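See below for the structure under consideration.
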Amino acid sequence: MQILYEETMKKKDADRDGYLSLEEFASEDADKPLTSEQFLVEKERFEMDYDRNGDKKLDKQETLNWLLPGNEEIAEQEADHLLENGDTDKDGKLSIREIVDHHDLFVGSEATDYGEHLHNTSRFTDEL
Numbered sequence: 001m002q003i004l005y006e007e008t009m010k011k012k013d014a015d016r017d018g019y020l021s022l023e024e025f026a027s028e029d030a031d032k033p034l035t036s037e038q039f040l041v042e043k044e045r046f047e048m049d050y051d052r053n054g055d056k057k058l059d060k061q062e063t064l065n066w067l068l069p070g071n072e073e074i075a076e077q078e079a080d081h082l083l084e085n086g087d088t089d090k091d092g093k094l095s096i097r098e099i100v101d102h103h104d105l106f107v108g109s110e111a112t113d114y115g116e117h118l119h120n121t122s123r124f125t126d127e128l
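Sequential numbering from 1 applies to the sequence shown in our numbering.
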């Protein structure tokens, strides 16, 4: 992990301040600069996904989160997706009825191990 961070900083931290600015983050290859559209996509990723403290630069932890995304963030996104699309009554919980009604959503979800957890319903209580 440390080696990956150090190698990335050697390559991208042009001003050697120990942080990655948006421009440093978005730069890939001086011979192939990003188009305006590509830069806007990278800017949104930088601001929305990685610059957690909003200081317009990535510190070591933010850079590591970009380089090695954790399962926690992925799990959060998947849970949000399941709630947004499966919580019919919008009470913030998934009932067994909602899971059954949206079976296809859950079978396609990594959160249910692609449906494997749905076969053992005795492990669930009334609401997840």
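Cβ coordinates follow ideal geometry from the N, Cα and C atoms, glycine included. This one's a predicted model, so the numbers in the text were calculated from it and none came from an experiment.
So residue i is in the alpha helix (DSSP H); what residue range does that whole segment cover?
| i | result |
| --- | --- |
| Lys-9 | Inspection of the sequence shows that residue 9 is occupied by Met rather than by Lys. Run containing Met-9: 2 to 12, per the alpha helix (DSSP H) assignment. |
| Arg-16 | Here Arg-16 belongs to no alpha helix (DSSP H), and DSSP marks it neither H nor E. |
| Leu-94 | No alpha helix (DSSP H) holds Leu-94; DSSP gives it neither H nor E. |
| Asp-49 | Neither: Asp-49 is in no alpha helix (DSSP H) and is coded neither H nor E. |
| Leu-105 | 103 to 107 |
Under the DSSP definition of a beta bridge, which residues are partnered with residue i?
| i | result |
| --- | --- |
| Leu-82 | The partner list for Leu-82 (beta bridge, DSSP) is empty, contrary to what the question assumes. |
| Lys-57 | Ser-21 |
Counting only the same chain and skipping the five closest in sequence on each side, list residues whose C-beta sits under 8 angstroms from that of residue i.
| i | result |
| --- | --- |
| Asp-13 | Tyr-19, Leu-20 and Glu-24 |
Quick test of your reading: residue i and residue j, contact by CB under 8 angstroms. State the CB separation rounded to the nearest angstrom.
| i | j | result |
| --- | --- | --- |
| His-102 | Gly-86 | 4 angstroms |
| Thr-88 | Glu-78 | Actually they are not in contact, since the Cβ atoms of Thr-88 and Glu-78 sit about 18 angstroms apart, beyond 8 angstroms. |
Please list, in chain order, all residues of the same chain as residue i whose beta carbon is under 7 angstroms from its beta carbon, the five residues on each side excluded.
| i | result |
| --- | --- |
| Glu-127 | Annotation note: pLDDT 47 at Glu-127 (below 50); position unreliable, coordinate value reported separately. Lys-93, Leu-94 and Ser-95. |
Return yes when the Cβ of residue j is within less than 8 angstroms of the Cβ of residue i, no when it is not.
| i | j | result |
| --- | --- | --- |
| Leu-9 | Leu-68 | Before going further, note that residue 9 is Met rather than Leu in the sequence given. Not closer than 8 angstroms, so no. |
| Phe-46 | Leu-82 | no |
| Ala-26 | Lys-11 | no |
| Tyr-50 | Leu-58 | yes |
| Leu-22 | Lys-56 | yes |
Less than 7 angstroms separating the Cβ of residue i from some heavy atom of the ligand ATP?
| i | result |
| --- | --- |
| Asp-49 | The ligand ATP is not part of the structure shown, which contains no ligands of any sort. |
Apart from the five residues on each side of it in sequence, which residues of its chain come closer than 6 angstroms, Cβ to Cβ, to residue i?
| i | result |
| --- | --- |
| Arg-16 | none |
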